[in-house]
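Everything on this sheet refers to the single structure shown next.
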Amino acid sequence: MEKVKTFLKRKDIVISVKRYGIDALGAMAQGLFCSLLIGTILNTLGTQFHISFLTVPVATVGGIEYTVGSMASAMSGPAMAVAIGYALHCPPLVLFSLITVGFASNALGGAGGPLAVLFIAIIASETGKAVSKETKIDILVTPLVTIGIGVALSAWWAPALGTAAMKVGSLIMWATNLQPFLMGILVSVLVGIALTLPISSAAICAALGLTGLAGGAAVAGCCAQMIGFAVMSFPENRWGGLISQGIGTSMLQMGNIVKNPKIWIAPILTSAITGPLATCVFRLEMNGTPVSSGMGTCGFVGQIGVYTGWMNSIAEGTKSAVTAWDWTGLILISFVLPAVLCPLINTVLVKLGWVKKGDMTLA
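This is how it looks when you write it as C-alpha coordinates:
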(Lines of atoms letter the chains of each structure in order from A and count residues from 1; the text may use other names and numbers.)
(Lines give C-alpha, C1' and ligand atoms only; values in the text may rest on other atoms or scores of the structure.)
Protein backbone atom coordinates (compact mmCIF):
# COMPACT_ATOMS: atom_id res chain seq x y z
CA MET A 1 0.00 0.00 0.00
CA GLU A 2 2.83 2.37 0.80
CA LYS A 3 4.36 1.70 -2.62
CA VAL A 4 1.07 2.66 -4.27
CA LYS A 5 0.84 5.88 -2.23
CA THR A 6 4.43 6.75 -3.09
CA PHE A 7 3.79 6.09 -6.78
CA LEU A 8 0.62 8.22 -6.84
CA LYS A 9 2.41 11.06 -5.05
CA ARG A 10 5.32 10.90 -7.49
CA LYS A 11 2.88 11.04 -10.41
CA ASP A 12 0.83 13.85 -8.85
CA ILE A 13 -2.30 11.71 -8.94
CA VAL A 14 -4.53 13.08 -6.20
CA ILE A 15 -7.84 11.26 -5.86
CA SER A 16 -10.03 13.86 -4.16
CA VAL A 17 -13.28 15.77 -4.49
CA LYS A 18 -11.33 19.02 -4.81
CA ARG A 19 -9.12 17.79 -7.65
CA TYR A 20 -11.96 16.28 -9.68
CA GLY A 21 -15.07 18.11 -8.51
CA ILE A 22 -13.61 21.61 -8.30
CA ASP A 23 -10.36 21.88 -10.27
CA ALA A 24 -11.32 19.63 -13.20
CA LEU A 25 -14.95 20.80 -13.35
CA GLY A 26 -13.94 24.46 -13.24
CA ALA A 27 -11.36 23.95 -15.97
CA MET A 28 -13.93 22.15 -18.12
CA ALA A 29 -16.15 25.23 -17.96
CA GLN A 30 -13.24 27.38 -19.14
CA GLY A 31 -12.72 25.00 -22.06
CA LEU A 32 -16.39 25.29 -22.94
CA PHE A 33 -16.21 29.06 -22.70
CA CYS A 34 -13.22 29.23 -25.05
CA SER A 35 -14.88 27.06 -27.68
CA LEU A 36 -18.65 26.53 -27.72
CA LEU A 37 -19.57 29.77 -25.96
CA ILE A 38 -17.18 32.02 -27.88
CA GLY A 39 -18.28 30.35 -31.11
CA THR A 40 -21.92 31.06 -30.30
CA ILE A 41 -21.17 34.69 -29.47
CA LEU A 42 -19.23 35.15 -32.71
CA ASN A 43 -22.07 33.65 -34.76
CA THR A 44 -24.60 35.87 -32.98
CA LEU A 45 -22.52 39.01 -33.53
CA GLY A 46 -22.03 38.15 -37.17
CA THR A 47 -25.72 37.51 -37.78
CA GLN A 48 -27.12 40.46 -35.81
CA PHE A 49 -24.62 43.07 -36.99
CA HIS A 50 -24.19 41.66 -40.50
CA ILE A 51 -20.43 41.20 -40.15
CA SER A 52 -19.53 39.32 -43.30
CA PHE A 53 -16.28 37.69 -42.16
CA LEU A 54 -18.17 36.13 -39.24
CA THR A 55 -21.01 34.76 -41.36
CA VAL A 56 -19.17 33.60 -44.47
CA PRO A 57 -17.94 29.96 -44.34
CA VAL A 58 -14.17 29.79 -43.99
CA ALA A 59 -13.83 26.04 -44.46
CA THR A 60 -15.79 23.05 -45.72
CA VAL A 61 -15.12 19.70 -44.05
CA GLY A 62 -17.00 16.57 -45.06
CA GLY A 63 -19.54 18.66 -46.92
CA ILE A 64 -20.24 20.81 -43.84
CA GLU A 65 -19.52 24.53 -44.06
CA TYR A 66 -17.93 26.19 -41.05
CA THR A 67 -17.82 29.84 -40.08
CA VAL A 68 -15.23 31.12 -37.59
CA GLY A 69 -17.76 30.69 -34.79
CA SER A 70 -18.90 27.22 -35.78
CA MET A 71 -15.28 26.07 -36.03
CA ALA A 72 -14.73 27.24 -32.45
CA SER A 73 -17.91 25.48 -31.32
CA ALA A 74 -16.90 22.27 -33.07
CA MET A 75 -13.74 22.14 -30.96
CA SER A 76 -15.61 22.09 -27.63
CA GLY A 77 -14.77 18.44 -26.89
CA PRO A 78 -11.01 18.78 -27.34
CA ALA A 79 -11.04 22.15 -25.53
CA MET A 80 -12.81 20.68 -22.50
CA ALA A 81 -10.53 17.65 -22.32
CA VAL A 82 -7.32 19.66 -22.63
CA ALA A 83 -8.58 22.11 -19.99
CA ILE A 84 -9.26 19.20 -17.63
CA GLY A 85 -5.83 17.74 -18.33
CA TYR A 86 -4.24 21.12 -17.60
CA ALA A 87 -6.05 21.30 -14.26
CA LEU A 88 -4.83 17.78 -13.42
CA HIS A 89 -1.21 18.80 -14.18
CA CYS A 90 -0.77 16.43 -17.11
CA PRO A 91 2.64 16.27 -18.81
CA PRO A 92 2.77 17.44 -22.46
CA LEU A 93 2.31 14.08 -24.20
CA VAL A 94 -0.75 13.29 -22.09
CA LEU A 95 -2.17 16.80 -22.51
CA PHE A 96 -1.87 16.74 -26.29
CA SER A 97 -3.32 13.22 -26.51
CA LEU A 98 -6.43 14.43 -24.72
CA ILE A 99 -7.42 16.32 -27.88
CA THR A 100 -8.47 13.02 -29.43
CA VAL A 101 -10.06 11.80 -26.20
CA GLY A 102 -12.15 14.96 -25.90
CA PHE A 103 -13.33 14.77 -29.49
CA ALA A 104 -14.35 11.11 -29.14
CA SER A 105 -16.13 11.42 -25.78
CA ASN A 106 -17.99 14.60 -26.72
CA ALA A 107 -19.08 13.26 -30.09
CA LEU A 108 -20.22 9.90 -28.72
CA GLY A 109 -21.88 11.50 -25.70
CA GLY A 110 -24.28 13.40 -27.93
CA ALA A 111 -26.14 16.28 -26.30
CA GLY A 112 -24.78 15.16 -22.91
CA GLY A 113 -21.21 15.17 -24.19
CA PRO A 114 -19.77 17.51 -21.54
CA LEU A 115 -20.52 15.03 -18.74
CA ALA A 116 -18.92 12.22 -20.75
CA VAL A 117 -15.86 14.38 -21.39
CA LEU A 118 -15.51 15.14 -17.68
CA PHE A 119 -15.46 11.51 -16.55
CA ILE A 120 -13.49 10.06 -19.43
CA ALA A 121 -10.90 12.85 -19.65
CA ILE A 122 -10.17 12.48 -15.92
CA ILE A 123 -9.56 8.73 -16.23
CA ALA A 124 -7.53 9.09 -19.43
CA SER A 125 -5.48 11.89 -17.85
CA GLU A 126 -4.62 9.95 -14.70
CA THR A 127 -3.84 6.78 -16.66
CA GLY A 128 -1.62 8.72 -19.01
CA LYS A 129 0.18 10.36 -16.08
CA ALA A 130 0.72 6.94 -14.52
CA VAL A 131 2.62 5.59 -17.56
CA SER A 132 4.31 8.86 -18.52
CA LYS A 133 8.12 8.60 -18.62
CA GLU A 134 8.04 5.05 -17.26
CA THR A 135 9.52 3.56 -20.45
CA LYS A 136 12.30 4.40 -22.88
CA ILE A 137 9.76 4.77 -25.68
CA ASP A 138 7.60 7.28 -23.82
CA ILE A 139 6.77 9.20 -26.98
CA LEU A 140 4.90 6.11 -28.22
CA VAL A 141 3.60 4.54 -25.01
CA THR A 142 2.08 7.60 -23.36
CA PRO A 143 -0.05 8.78 -26.33
CA LEU A 144 -1.07 5.20 -27.14
CA VAL A 145 -2.22 4.51 -23.60
CA THR A 146 -3.95 7.88 -23.12
CA ILE A 147 -5.76 7.79 -26.45
CA GLY A 148 -6.44 4.05 -26.25
CA ILE A 149 -8.05 4.26 -22.81
CA GLY A 150 -9.90 7.45 -23.68
CA VAL A 151 -11.37 6.25 -26.97
CA ALA A 152 -12.24 2.82 -25.55
CA LEU A 153 -14.08 4.39 -22.63
CA SER A 154 -15.75 6.83 -25.00
CA ALA A 155 -17.14 3.96 -27.06
CA TRP A 156 -18.18 2.11 -23.90
CA TRP A 157 -19.41 4.84 -21.55
CA ALA A 158 -20.01 8.08 -23.44
CA PRO A 159 -23.41 7.21 -24.97
CA ALA A 160 -24.76 6.06 -21.59
CA LEU A 161 -23.31 9.04 -19.71
CA GLY A 162 -24.63 11.45 -22.29
CA THR A 163 -28.09 9.89 -22.19
CA ALA A 164 -28.15 9.92 -18.38
CA ALA A 165 -27.16 13.59 -18.28
CA MET A 166 -29.85 14.51 -20.77
CA LYS A 167 -32.49 12.54 -18.87
CA VAL A 168 -31.65 14.34 -15.64
CA GLY A 169 -31.64 17.69 -17.44
CA SER A 170 -34.92 16.86 -19.19
CA LEU A 171 -36.46 15.85 -15.86
CA ILE A 172 -35.47 19.19 -14.30
CA MET A 173 -36.83 21.11 -17.29
CA TRP A 174 -40.05 19.06 -17.32
CA ALA A 175 -40.54 19.64 -13.60
CA THR A 176 -39.90 23.38 -14.06
CA ASN A 177 -42.54 23.59 -16.79
CA LEU A 178 -44.95 21.61 -14.62
CA GLN A 179 -44.24 23.47 -11.37
CA PRO A 180 -42.60 26.76 -12.40
CA PHE A 181 -42.98 28.38 -8.96
CA LEU A 182 -41.41 25.67 -6.80
CA MET A 183 -38.82 24.60 -9.35
CA GLY A 184 -38.06 28.24 -10.11
CA ILE A 185 -37.04 28.65 -6.49
CA LEU A 186 -35.13 25.36 -6.33
CA VAL A 187 -33.16 25.74 -9.56
CA SER A 188 -32.39 29.41 -8.97
CA VAL A 189 -31.15 28.85 -5.42
CA LEU A 190 -29.08 25.72 -6.15
CA VAL A 191 -27.41 26.98 -9.34
CA GLY A 192 -26.75 30.36 -7.69
CA ILE A 193 -25.09 28.64 -4.74
CA ALA A 194 -23.03 26.51 -7.14
CA LEU A 195 -21.86 29.66 -8.91
CA THR A 196 -20.48 31.18 -5.70
CA LEU A 197 -18.98 27.92 -4.45
CA PRO A 198 -15.56 26.94 -5.89
CA ILE A 199 -17.25 24.63 -8.39
CA SER A 200 -18.58 25.42 -11.84
CA SER A 201 -22.27 26.18 -12.23
CA ALA A 202 -21.63 26.68 -15.96
CA ALA A 203 -20.19 23.18 -16.34
CA ILE A 204 -23.08 21.70 -14.36
CA CYS A 205 -25.65 23.42 -16.58
CA ALA A 206 -23.73 22.36 -19.70
CA ALA A 207 -23.45 18.75 -18.53
CA LEU A 208 -27.20 18.58 -17.85
CA GLY A 209 -28.14 20.52 -20.98
CA LEU A 210 -30.16 22.93 -18.85
CA THR A 211 -32.21 25.24 -21.09
CA GLY A 212 -35.78 26.53 -21.32
CA LEU A 213 -37.51 27.84 -18.19
CA ALA A 214 -35.09 25.93 -15.98
CA GLY A 215 -32.23 27.70 -17.74
CA GLY A 216 -33.94 31.02 -17.13
CA ALA A 217 -34.25 30.22 -13.42
CA ALA A 218 -30.56 29.30 -13.36
CA VAL A 219 -29.67 32.66 -14.91
CA ALA A 220 -31.77 34.38 -12.24
CA GLY A 221 -29.99 32.56 -9.42
CA CYS A 222 -26.53 33.36 -10.78
CA CYS A 223 -27.38 37.04 -11.28
CA ALA A 224 -28.80 37.27 -7.75
CA GLN A 225 -25.46 36.11 -6.37
CA MET A 226 -23.19 38.20 -8.59
CA ILE A 227 -25.09 41.48 -8.74
CA GLY A 228 -26.33 40.97 -5.19
CA PHE A 229 -22.87 40.63 -3.67
CA ALA A 230 -21.45 43.36 -5.92
CA VAL A 231 -24.02 45.99 -4.87
CA MET A 232 -24.36 44.79 -1.27
CA SER A 233 -20.62 45.03 -0.65
CA PHE A 234 -20.17 48.33 -2.55
CA PRO A 235 -19.54 50.39 0.63
CA GLU A 236 -16.55 48.15 1.41
CA ASN A 237 -15.21 47.31 -2.04
CA ARG A 238 -16.27 50.34 -4.13
CA TRP A 239 -16.02 50.25 -7.93
CA GLY A 240 -13.33 47.61 -8.17
CA GLY A 241 -15.46 45.19 -6.18
CA LEU A 242 -18.59 46.10 -8.13
CA ILE A 243 -16.93 45.21 -11.43
CA SER A 244 -14.96 42.17 -10.25
CA GLN A 245 -18.03 40.59 -8.68
CA GLY A 246 -20.75 41.97 -10.94
CA ILE A 247 -19.23 40.89 -14.26
CA GLY A 248 -16.54 38.62 -12.86
CA THR A 249 -17.57 36.16 -10.15
CA SER A 250 -19.18 36.13 -6.72
CA MET A 251 -16.76 33.33 -5.86
CA LEU A 252 -14.48 36.11 -4.62
CA GLN A 253 -16.66 36.21 -1.48
CA MET A 254 -16.04 32.55 -0.53
CA GLY A 255 -13.33 33.45 1.98
CA ASN A 256 -15.70 35.89 3.69
CA ILE A 257 -18.55 33.36 3.58
CA VAL A 258 -16.37 30.86 5.44
CA LYS A 259 -15.73 33.50 8.12
CA ASN A 260 -19.39 34.54 8.37
CA PRO A 261 -21.87 32.34 6.45
CA LYS A 262 -24.70 34.77 7.27
CA ILE A 263 -23.53 37.16 4.54
CA TRP A 264 -24.80 34.54 2.07
CA ILE A 265 -28.41 34.80 3.32
CA ALA A 266 -29.32 37.91 1.30
CA PRO A 267 -28.16 36.63 -2.12
CA ILE A 268 -29.79 33.23 -1.51
CA LEU A 269 -33.11 34.78 -0.49
CA THR A 270 -32.89 37.12 -3.48
CA SER A 271 -32.45 34.15 -5.82
CA ALA A 272 -35.46 32.48 -4.18
CA ILE A 273 -37.49 35.56 -5.15
CA THR A 274 -36.15 36.23 -8.65
CA GLY A 275 -36.22 32.56 -9.68
CA PRO A 276 -40.01 32.14 -9.61
CA LEU A 277 -40.47 35.66 -11.00
CA ALA A 278 -38.36 34.57 -13.98
CA THR A 279 -40.35 31.36 -14.52
CA CYS A 280 -43.89 32.45 -13.59
CA VAL A 281 -44.12 36.15 -14.44
CA PHE A 282 -41.62 36.86 -17.21
CA ARG A 283 -41.37 33.32 -18.61
CA LEU A 284 -37.65 33.93 -19.06
CA GLU A 285 -36.16 31.09 -21.07
CA MET A 286 -32.58 30.21 -21.87
CA ASN A 287 -32.69 28.70 -25.34
CA GLY A 288 -29.08 29.50 -26.19
CA THR A 289 -26.18 27.22 -25.24
CA PRO A 290 -26.77 25.43 -21.89
CA VAL A 291 -23.41 26.62 -20.51
CA SER A 292 -24.80 30.19 -20.59
CA SER A 293 -27.42 29.20 -17.99
CA GLY A 294 -24.76 28.97 -15.32
CA MET A 295 -22.77 32.11 -16.19
CA GLY A 296 -25.05 34.85 -14.83
CA THR A 297 -23.62 38.29 -15.56
CA CYS A 298 -20.05 37.02 -16.02
CA GLY A 299 -19.06 38.91 -19.15
CA PHE A 300 -22.85 39.26 -19.66
CA VAL A 301 -22.75 35.72 -21.05
CA GLY A 302 -26.08 34.77 -19.46
CA GLN A 303 -27.81 37.73 -21.08
CA ILE A 304 -26.15 37.07 -24.44
CA GLY A 305 -27.32 33.47 -24.16
CA VAL A 306 -30.92 34.52 -23.56
CA TYR A 307 -30.73 36.91 -26.52
CA THR A 308 -29.23 34.18 -28.69
CA GLY A 309 -32.12 31.93 -27.68
CA TRP A 310 -34.60 34.59 -28.75
CA MET A 311 -32.93 34.80 -32.15
CA ASN A 312 -32.89 31.00 -32.47
CA SER A 313 -36.60 30.83 -31.64
CA ILE A 314 -37.40 33.54 -34.19
CA ALA A 315 -35.37 31.69 -36.84
CA GLU A 316 -37.22 28.46 -36.02
CA GLY A 317 -40.57 30.20 -36.20
CA THR A 318 -41.52 29.48 -32.58
CA LYS A 319 -41.26 33.18 -31.63
CA SER A 320 -42.46 36.09 -33.73
CA ALA A 321 -40.33 38.88 -32.24
CA VAL A 322 -38.48 40.11 -29.18
CA THR A 323 -40.96 42.15 -27.16
CA ALA A 324 -40.59 44.98 -24.66
CA TRP A 325 -41.81 42.52 -22.01
CA ASP A 326 -38.92 40.19 -22.88
CA TRP A 327 -36.39 42.98 -22.41
CA THR A 328 -38.08 44.19 -19.22
CA GLY A 329 -37.92 40.71 -17.71
CA LEU A 330 -34.29 40.18 -18.66
CA ILE A 331 -33.15 43.54 -17.26
CA LEU A 332 -35.18 43.28 -14.05
CA ILE A 333 -34.17 39.67 -13.30
CA SER A 334 -30.51 40.12 -14.27
CA PHE A 335 -29.72 43.53 -12.81
CA VAL A 336 -32.41 45.64 -11.18
CA LEU A 337 -34.05 43.24 -8.73
CA PRO A 338 -30.79 41.74 -7.39
CA ALA A 339 -29.35 45.26 -6.98
CA VAL A 340 -32.42 46.36 -4.99
CA LEU A 341 -33.50 43.26 -3.05
CA CYS A 342 -30.13 42.01 -1.88
CA PRO A 343 -29.03 45.22 -0.10
CA LEU A 344 -32.52 45.60 1.44
CA ILE A 345 -32.42 42.08 2.88
CA ASN A 346 -28.87 42.66 4.07
CA THR A 347 -29.97 45.83 5.87
CA VAL A 348 -32.27 43.68 8.00
CA LEU A 349 -29.42 41.29 8.73
CA VAL A 350 -27.21 44.20 9.77
CA LYS A 351 -29.89 45.45 12.17
CA LEU A 352 -30.13 41.95 13.64
CA GLY A 353 -26.39 42.00 14.20
CA TRP A 354 -25.80 39.00 11.93
CA VAL A 355 -23.72 40.97 9.43
CA LYS A 356 -21.22 43.67 10.34
CA LYS A 357 -19.34 46.32 8.39
CA GLY A 358 -16.23 44.79 6.86
CA ASP A 359 -17.64 41.24 6.64
CA MET A 360 -17.65 41.44 2.84
CA THR A 361 -14.38 43.29 2.29
CA LEU A 362 -12.36 41.62 -0.46
CA ALA A 363 -8.72 40.96 0.28
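Counted from 1, the sequence shown has number 61 at position 72 by our numbering; the numbering is strictly sequential. For glycine and all other residues, C-beta sits at the position ideal for the given N, C-alpha and C.
What is the DSSP secondary structure of A100, counted as helix, strand or coil? helix
Per DSSP, which residues does M275 bridge with? Please list them. G201
In this structure, how does DSSP classify T49 when only helix, strand and coil are distinguished? strand
Taking Cβ to Cβ, would you say G204 is nearer than 7 Å to M155? no
Just mark T353 as buried or exposed, buried being the case when its beta carbon has 16 or more other beta carbons within 10 Å. In the structure displayed, the chain extends from -10 to 352; residue 353 sits before or after that span and is not available.
In whole angstroms, what is the alpha-carbon distance linking L197 and P67? 19 Å
Nonlocal neighbours in the same chain, by C-beta distance under 8 Å from M243, ignoring five residues either side: T185, L186 and P187
Three-pair Cβ contact test at 8 Å for the region 251 to 263 versus the region 338 to 351: With the cut-off at 8 Å, the region 251 to 263 and the region 338 to 351 touch.
Determine, using beta carbons only, whether V106 comes closer than 7 Å to chain D. Of the protein chains in the structure, only one exists, and it is not chain D.
Should G102 be labelled buried (16 or more other beta-carbon atoms within 10 Å of its own) or exposed? buried
For Y55, list the residues DSSP reports as bridge partners. A48
Helix, strand or coil at A310 [DSSP, three-state]: coil
With DSSP run on the structure shown, which of helix, strand or coil describes I303? Note: I303 maps to helix in three-state DSSP.
Could you give the DSSP three-state label for M350: helix, strand or coil? Met is not the amino acid found at residue 350; the sequence shown has Thr there. In this structure, DSSP gives T350 a state outside helix and strand, which the three-state scheme calls coil.
What is the rounded straight-line gap between the Cα of A119 and the Cα of L129? 14 Å
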